[in-house]
Amino acid sequence: MNIVAREVYRKFVHMILSLLLMLPYFCALPQPLNIYSYYALGLFAAAALNAVAAKRMVLRRRLAAFRGDLRTHITSLGDQLRGPLKAFEEAMESILNFVEQQIELLERDYEKREGYVGLLYGMIGGVISLLLSPCHALYGLLAIAVVDPVASLSNLAMGREKSLAGDALAALAYCLLLLGVGVPAAESMLLSLIAALAEYLSPEDNLTIPVFTTLAALALDLPARCPP
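With this note's numbering as the guide, the letters of the sequence shown map in order to residues 1 to 228.
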């Protein structure tokens, strides 16, 4: 997969995950889930994926050791046990291969070097935003769904890693979205500027965009958008 296709895929997944974070704001969750338990499970899943990314070689070694032990003892097992254990081994291998493939596609270059996945920071940013103000966190979630992808793809088209032009386009896209949902023009422009600056200046925009945008929406006393 070339660089452009990989980045488009990454941002497509980014937007899908952002929509999943916003899901509790638009529909009721099945009992006994509420928005806090929903986010807690999402944070756990992101942390687990991050652990796999950071320790994939350790997991590979453990899987290889398990397979060696299994092959050592499998000849002494009856056919009824041998088949299910072999199927379990193959299933574990397939799952690990799939997860590693997705991590490879989603990881940015510096994430590969440092051994973490930006998804975890996005989830942390979403949880912090929810705890800061459940009725203003949606503004932050909309920002991470729009500002980050638009800025990244715009910069990619211009052959830049970061650029004011790319973030200006991201701010414009987010501003138009805010205007479309009824936020006054002045507040829309100010919130868009803050979100774009959080993307441009931050070492980890998945963390800072939702948090700073949520705080700004709260400070500006924008209309509350509470989960049902």
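Glycine included, each C-beta is placed from N, C-alpha and C at the ideal position.
Keep in mind that this is a model prediction, so the values were computed, not measured.
Using a Cβ distance threshold of 8 Å, I209 and I144 count as a contacting pair. In this structure C175 is buried. Its beta-carbon is surrounded by 16 or more other beta-carbon atoms within 10 angstroms. Taking a contact as a CB-CB distance under 8 Å, the pair G126 and L138 does not count as one, their CB atoms being some 10 Å apart.
Shortest Cα-Cα distance from V147 to any of D167, L222, S37 and A91 involves D167.
Apart from the 5 residues on each side of it in sequence, P149 sits with its Cβ closer than 7 Å to the Cβ of K11, H14 and M15 in its chain, given in chain order.
Per DSSP, M158 lies in no alpha helix (DSSP H) segment and is marked neither H nor E. For C226, the three-state secondary structure derived from DSSP is coil. The C-beta separation of L190 from L220 comes to about 7 Å, placing the pair in contact by the 8 Å criterion. Residues L119 and G122 of the same chain have their beta carbon placed closer than 8 Å to that of L17, with the five preceding and five following residues left out of the count. Taken atom to atom, the span from the alpha-carbon of E199 to that of L215 is near 15 Å.
Here the alpha carbons of S152 and T213 stand approximately 18 Å from one another. With respect to L222, V183 sits close: the two C-beta atoms are nearer than 8 Å. The three-state secondary structure of N34, taken from DSSP, is coil.
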